[in-house]
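Following: one structure in structure tokens, then a few remarks.
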Amino acid sequence: MTQELTHYITLSENDVHSAQPKIRLSFRGSNELSRTTTYSIVCKFEREDNETDKPVIFEWKHQPPVFGPSGFRLLHRTKTGLEEVTDVEELPKLESKKTTDKLTITGYNNGLWQLAPGASKEFLVNLPPEYQKATLVGETYELLWAGGKIGLWDWGTIQDHIGQELAPRGEDDQLILPAGAHVSFKVIVQEPPWPGRDAYEAQYGYHLANVAEDHWRTVQRLDNPPPPKLIDASERNPDAPKLKVDVICPSKIIINQGTCPSVKVTYEGSPTNRPITFRTDVFDDFHNFPVYRQEDGKWVYHADNDDGCGGFRLVEDHNIVVNVGQDKRFVSLKPGESWTEGLSYVEHDTWGRLPDDKEVGDVYRILFCGDTVDWWDWGTKEEHEQTVIELDGSSTSVQVPKDNGGRPKLVLPSSEPVEFTLVEG
3 MTQELTHYIT LSENDVHSAQ PKIRLSFRGS NELSRTTTYS IVCKFEREDN
53 ETDKPVIFEW KHQPPVFGPS GFRLLHRTKT GLEEVTDVEE LPKLESKKTT
103 DKLTITGYNN GLWQLAPGAS KEFLVNLPPE YQKATLVGET YELLWAGGKI
153 GLWDWGTIQD HIGQELAPRG EDDQLILPAG AHVSFKVIVQ EPPWPGRDAY
203 EAQYGYHLAN VAEDHWRTVQ RLDNPPPPKL IDASERNPDA PKLKVDVICP
253 SKIIINQGTC PSVKVTYEGS PTNRPITFRT DVFDDFHNFP VYRQEDGKWV
303 YHADNDDGCG GFRLVEDHNI VVNVGQDKRF VSLKPGESWT EGLSYVEHDT
353 WGRLPDDKEV GDVYRILFCG DTVDWWDWGT KEEHEQTVIE LDGSSTSVQV
403 PKDNGGRPKL VLPSSEPVEF TLVEG
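Counting in our numbering, the sequence shown runs from 3 upward without gaps.
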């Protein structure tokens with residue numbers, strides 16, 4: 003950290019109590035900021051190893067983001083040095099809980115985190131639109147974590163505290179997140195400009211106009227996206243199980259009528275030929291099933307125009323524990339056996355993923371482009387009755403065990419394409 007940044011630090015490493023868990027807040031972001039789209043910061047809590055191996059829990063809410071002397075500070079790099087951006091509306095500050103405030107632990111508390119020694123957690127924070135609007139095009143800024151205190155924390159896991167109250171710590175025992183993390187960016191104007199920007203902002207305001215422009219630019223990128231990479235069978239690990247994927251789909255589909263294709267996974271064998279159990283989440287991702295249309299004798303990739311930003315999803319801040327032997331998203335196969343299931347993302351209007359200008363007579367093809375299974379192990383589900391893994395709060399990414407416990411990667415190569423024609427009802 004440069005000397006000019008240290009002037010804006012509130013709490014440093016020297017303020018961390020030796021008896022407390024040592025937690026750092028780091029973050030990264032783009033070196034360019036547009037005033038007309040959302041600027042996201044990827045933050046990370048990192049717990050250092052210390053004298054105790056106990057987990058720690060703490061409350062830290064980042065929505066809305068915390069800005070000000072006790073938290074994130076936005077600094078303008080001028081010819082004479084750094085100047086803090088203060089000409090903005092009042093925003094929530096990171097402050098200690100009042101002594102009378104307590105938190106009852108339910109296991110679903112928003113903003114409650116858990117970290118074991120050496121563990122880390124990532125999350126997104128958006129620069130408040132009030133700060134974006136206060137920046138100047140062409141100028142450079144520094145975003146600095148100045149340090150902050152957390153009043154609600156305790157040793158142990160969230161599970162250990164279910165039904166208990168988490169009481170605020172005294173002023174001298176509050177958890178310190180020391181300063182140090184910072185990112186620099188230059189303010190730019192994105193091209194091409196969004197034609198509807200001025201009218202939308204006049205009606206709905208600056209913040210919602212940024213959100214709408216995010217969507218508009220995403221759609222523009224989706225108009226001509228590159229097709230997904232297909233994974234070849236040669237990329238398999240010879241020490242891992244060998245699985246084959248087929249997409250099953252009727253050859254004729256009535257236009258504008260929902261039809262559900264299926265995926266069939268066959269266990270062809272392995273060096274041990276033992277049964278295996280694996281997680282099936284790769285088949286819940288519709289991006290793994292690209293659709294192509296035949297146009298002038300060529301297959302043209304058509305991306306789904308739904309970018310998934312039509313709503314929001316609440317996620318847990320802590321890991322979710324899943325029992326492998328009891329969760330339906332885990333499947334067991336013996337050599338030669340197959341597992342078949344309809345693709346769960348498929349809905350009305352022929353999956354809702356065909357081009358808007360689709361017509362009767364159009365010919366399409368769909369395939370599985372390939373992916374890597376994020377958790378698998380030898381043995382049947384019955385043998386894994388007591389096996390548990392930990393997923394992140396969105397239930398999409400395996401956090402524990404890391405790297406699948408050291409087992410070789412289970413690569414699923416792409417399938418052969420299947421074709422279908424749109425017909426009248």
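From the three backbone atoms N, C-alpha and C, an ideal C-beta is built for every residue, glycine too.
Please name the residue, chosen from the options, that lies closest to residue i on a Cα-to-Cα basis.
i, options, result
"Val265", "Ser340, Gln328, Arg276, Pro230", "Ser340"
"Pro130", "Leu145, Gly120, Asp329", "Leu145"
"Glu361", "Asn258, Lys63, Glu167", "Asn258"
"Ile322", "Tyr202, Gln116, Val284, Ala201", "Gln116"
"Leu335", "Lys246, Thr398, Ile152, Gly140", "Lys246"
"Glu203", "Gln22, Thr38, Glu34", "Thr38"
"Gln388", "Glu34, Val326, Ser122, Pro197", "Val326"
"Pro170", "Ile178, Asp156, Ala181, Gly182", "Asp156"
"Thr398", "Glu15, Val324, Val333, Thr80", "Val324"
"Pro252", "Val375, Val425, Pro415, Thr268", "Val425"
"Arg238", "Val90, Glu85, Gly427, Thr374", "Thr374"
"Arg409", "Glu385, Arg331, Thr279", "Thr279"
"Thr80", "Leu138, Pro403, Glu385, Val58", "Leu138"
"Thr82", "Gly120, Ile11, Pro194, Glu6", "Glu6"
"Leu232", "Val402, Ile368, Gln328", "Ile368"
"Gly372", "Gly427, Phe288, Val400", "Phe288"
"Gln401", "Glu193, Lys123, Asn33", "Lys123"
"Ser365", "Lys330, Tyr303, Thr342", "Sequence check: residue 365 is Val here, not Ser. The shortest Cα separation from Val365 among Lys330, Tyr303, Thr342 belongs to Tyr303."
"Thr423", "Leu356, His386, His9", "Leu356"
"Phe285", "Tyr10, Lys56, Glu343", "Glu343"
"Arg295", "Glu15, Gly31, Asp358", "Asp358"
"Asp103", "Leu168, Asp162, Gly299", "Leu168"
"Gln192", "Val293, Glu34, Thr274, Arg30", "Glu34"
"Glu15", "Gly31, Phe69, Gly172, Ala183", "Ala183"
Do residue i and residue j have their C-beta atoms within less than 8 Å of each other?
i, j, result
"Ala242", "Lys411", "yes"
"Ala136", "Val185", "no"
"Glu61", "Lys24", "no"
"Pro105", "Leu154", "Residue identity check: residue 105 is Leu in the sequence provided, not Pro. Contact: yes."
"Asp114", "Ile43", "One point to set straight first is that residue 114 is Leu, not Asp, in the sequence displayed. Cβ atoms of Leu114 and Ile43: not closer than 8 Å."
"Gln166", "Ile255", "no"
"Arg219", "Trp377", "no"
"Phe187", "Tyr143", "yes"
"Glu48", "Ser28", "yes"
"Pro180", "Leu13", "yes"
"Ser36", "Ile190", "yes"
"Ala283", "Arg331", "Correcting the residue type first, residue 283 is Asp in the shown sequence and not Ala. Contact flag set, yes."
"Asp55", "Pro119", "yes"
"Gly109", "Ile59", "no"
"Pro227", "Ala121", "no"
"Pro57", "Gly158", "yes"
In chain order, what residues of the same chain lie with their CB nearer than 6 Å to the CB of residue i, ignoring the 5 residues before and after it?
i, result
"Arg276", "Trp380"
"Thr40", "Asn128, Asn212, Asp216"
"Thr268", "Lys246, Ser340"
"Leu84", "Glu6, Leu77"
"Arg26", "Glu48"
"His386", "Thr279, Val326, Gly327"
"Asp308", "At Asp308, the pLDDT of 46 sits below 50, so the modelled position is not reliable; the number obtained from the coordinates is stated separately. Within the same chain, Asp308 has no close Cβ partners at all."
"Gly363", "none"
"Glu141", "Val189"
"Ala419", "The question names Ala, but residue 419 in the sequence shown is Pro. Excluding residues within five positions, the ones whose Cβ falls inside 6 Å are Arg367, Leu369."
"Cys45", "Phe29, Phe125, Val127"
Output needed for residue i: all residues of its chain with C-beta closer than 7 Å, excluding positions within five of it in sequence on either side, in chain order.
i, result
"Gly271", "Lys244, Pro337"
"Asn111", "Leu105"
"Phe370", "Val247, Val249, Val265, Asn290, Phe291, Ser416, Ser417"
"Phe314", "Low local confidence applies: a pLDDT of 37 at Phe314 is under 50, so the model's placement there is unreliable, with the coordinate-based value given in what follows. Cβ within range, chain order: n/a, list empty."
"Leu393", "Asn321, Ile322, Val324, Ser399, Val400, Gln401"
"Ile11", "Ala148, Gly149, Ala181"
Would you list the one or two residues that DSSP bridges to residue i?
i, result
"Asp248", "Lys266"
"Lys300", "Glu297"
"Thr142", "Arg79, Lys188"
"Leu84", "Arg79"
"Glu426", "The partner list for Glu426 (beta bridge, DSSP) is empty, contrary to what the question assumes."
"Ile391", "Val324"
"Arg281", "Phe332"
"Phe69", "Phe74"
"Lys254", "Thr423"
"Leu414", "Asp373"
"Glu343", "Val265"
"Val90", "Answer is none; Val90 lacks a bridge partner."
Keeping to the same chain, check which residues put their C-beta closer than 8 Å to that of residue i; ignore five residues upstream and five downstream.
i, result
"Asp89", "Ala136"
Continuous beta strand (DSSP E) assignments of at least 3 residues falling wholly in the stretch 354-389: 365-368, 373-375, 378-380
Pick out the complete alpha helix (DSSP H) segments inside the stretch 148-222, 4 residues or longer, and give them in chain order. 199-206
Of all the alpha helix (DSSP H) runs that stay within the bounds of the stretch 98-137, which reach a length of 4 or more residues? 131-135
Quick check on the DSSP output: what are the complete beta strand (DSSP E) runs of length 3 or more inside the stretch 15-65, in order along the chain? 25-30, 34-36, 42-49, 58-61
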